[in-house]
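Notes follow the structure.
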Amino acid sequence: MIENHIFPHAAHSKHTLPLSSRQTSAAIPRLSGQTRAAAPARAQKAADEFARYLLTRNLADETLRAYTYAVRQYFTYYRDITYPNLKLYKIFLLEHYKPQTINQRIRALNAYLDFKKLYPGHLPMVKIQQKTYLDHMISEADYEYLKRCLLRDERYTYYFLIRFMAATGVRVSEVIQFQAEDIFSGYKDIYSKGNKVRRIYIPQSLRTDTLKWLSFLHKSHGPIFLNRFDSPISPGGIRSQLKTIALSYHMTPEMVHPHAFRHRFAKSFIEKCGDISLLSDLLGHKNLETTRIYLMKSSQEQQTVIDRVVTW
């Protein structure tokens, strides 16, 4: 608990697409000088138009940025939406990106086709083999160690950030939405994926400690997770800073990322409560199968079980 800790008086790129030699494959058409000059304007116009549509769909900011980026990228290289061009774009993605990124770009293009009522044919997703274990999970011991280090070094913003993610199961795009007013009420209603309102409950112990922190900051309203410029921290800023923090405490950076704390919440909750249906609601999942992914063991946990059980 933080009540025994003395607070000090001190206050607390966009990705571009480089046209390298790797990207001169047949998937990228050779544009004439005039067409090449017009491509950025055409691409930006399409992306802006799509963005205005997406804003009416109540998508997360990160999803909106990713979808508009995909459309802008497509129209940088291709003048028209045709199925041959879509297939060439998919080949380009396969040559340069990981499967998860490829599927995100494909979802974006398919959504754009629906928006424009164009039906040359949806691009099929890339099949991703489902692992039977999870990598890059933060253990309970590492989570407790990280909390102690952050508290000891008076890095309160990130101390509370990881506590909120691990104690509520919120996504990184959701944790930055917490306001001081939410701490006083004990919960926050968030518009999540699918235009659904999800209530995030703040556990009493976390609420008590956060109120002490806010009292120290003389803060009674507005966002609680701010950067050094007193602006709300961005999801990208959180990811970057967590990697830096992990290295400073000699932890594996791949283990210390925002989603790891959402996994930590799911694992700890199901171990102590056992109600997967309630957990699914708390995480904002549409179905239980998505929730089950969070409950898989890490490869190290699987190895430990095998070593203990298999003695023949």
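Numbering (numbering that gives the first Met the number 0) for the sequence shown: 0 to 311.
Ideal Cβ placement from N, Cα and C applies to all residues, glycine included.
Kindly list the residues whose CB is nearer than 6 Å to the CB of residue i, restricted to its own chain and excluding five residues on each side of it in sequence; keep chain order.
i	result
Leu-63	Leu-53
Val-174	Phe-163, Met-164
Val-309	none
Ala-45	Val-70, Phe-74
Cys-148	Tyr-248
Gln-103	Ala-65
Leu-85	Leu-122
Ala-245	Pro-252, Val-255
Ala-59	Ser-172
Return the bridge partner residues of residue i from the DSSP annotation.
i	result
Arg-197	Ile-189
Gln-178	Pro-222
Pro-83	Answer is none; Pro-83 lacks a bridge partner.
Pro-231	Leu-225
Against chain D, with Cβ distances strictly below 7 Å, would residue i count as a contact?
i	result
Lys-115	Among the chains in the structure shown there is no chain D, since it carries only a single protein chain.
Please state whether the Cβ-Cβ distance between residue i and residue j is less than 7 Å.
i	j	result
Ile-223	Ala-179	yes
Arg-41	Phe-74	yes
Glu-61	Ser-172	yes
Tyr-248	Asn-57	no
Tyr-82	Pro-39	no
Asp-208	Val-196	no
Arg-198	Tyr-186	yes
Ile-90	Leu-117	no
Residue range of the alpha helix (DSSP H) that residue i falls in?
i	result
Ser-204	203-216
Leu-58	No alpha helix (DSSP H) contains Leu-58, which DSSP labels as neither H nor E.
Cys-148	139-151
Ile-319	Coverage of the chain is limited to positions 0 through 311, which leaves residue 319 absent and any answer about it impossible.
Thr-251	Note, Thr-251: premise wrong, no alpha helix (DSSP H); not H, not E.
His-258	257-271
Met-315	This structure cannot speak to residue 315, because the chain is shown only from 0 to 311.
Leu-282	275-282
Take residue i and list the residues in its own chain whose beta-carbon comes closer than 8 Å to its own, dropping the five residues that flank it on each side.
i	result
Ile-137	Leu-145, Met-254, Val-255, Ala-259, Phe-260, His-262, Arg-263
Leu-93	Ile-101, Val-125
Leu-210	Ile-182, Phe-183
Lys-271	none
Val-142	Looking at the sequence itself, residue 142 is Tyr, so the reference to Val does not match. Answer for Tyr-142: Ile-161, Ala-165, Phe-260, Arg-263, listed in chain order.
Closer than 7 Å by C-beta to residue i: which residues in its own chain qualify, once you throw out the five before and the five after it? Chain order, please.
i	result
Pro-98	Val-125, Ile-127
Asn-286	none
Phe-114	Phe-49, Tyr-52
Ala-25	Confidence at Ala-25 is low in this model, with a pLDDT of 49, below 50, so its placement is unreliable and the value that follows should be read with caution. None.
Check: Would you call the stretch 241-260 and the stretch 216-233 touching, i.e. three or more CB-CB distances under 8 Å?
Finding: No, because fewer than three Cβ pairs between the stretch 241-260 and the stretch 216-233 fall closer than 8 Å, the two stretches do not touch.
Note to self: Whether or not the stretch 202-220 and the stretch 113-123 are in contact is what I'm after, with contact meaning three or more pairs of Cβ atoms, one per stretch, closer than 8 Å; do they touch?
What the structure shows: The stretch 113-123 makes no contact with the stretch 202-220, as fewer than three CB pairs between them are under 8 Å.
Notebook entry, point to check: Can at least three beta-carbon pairs, one atom from the stretch 143-161 and one from the stretch 271-291, be found at a separation below 8 Å?
Noted result: no
Next item on the list: Take every Cβ of the stretch 146-157, pair it with every Cβ of the stretch 233-245, and state whether three or more of those distances are shorter than 8 Å.
Entry: Touching, yes.
Checklist line | Cβ pair count under 8 Å reaching 3, the stretch 55-73 against the stretch 98-116 | finding: Put simply, the stretch 55-73 touches the stretch 98-116. At least three CB pairs are less than 8 Å apart.
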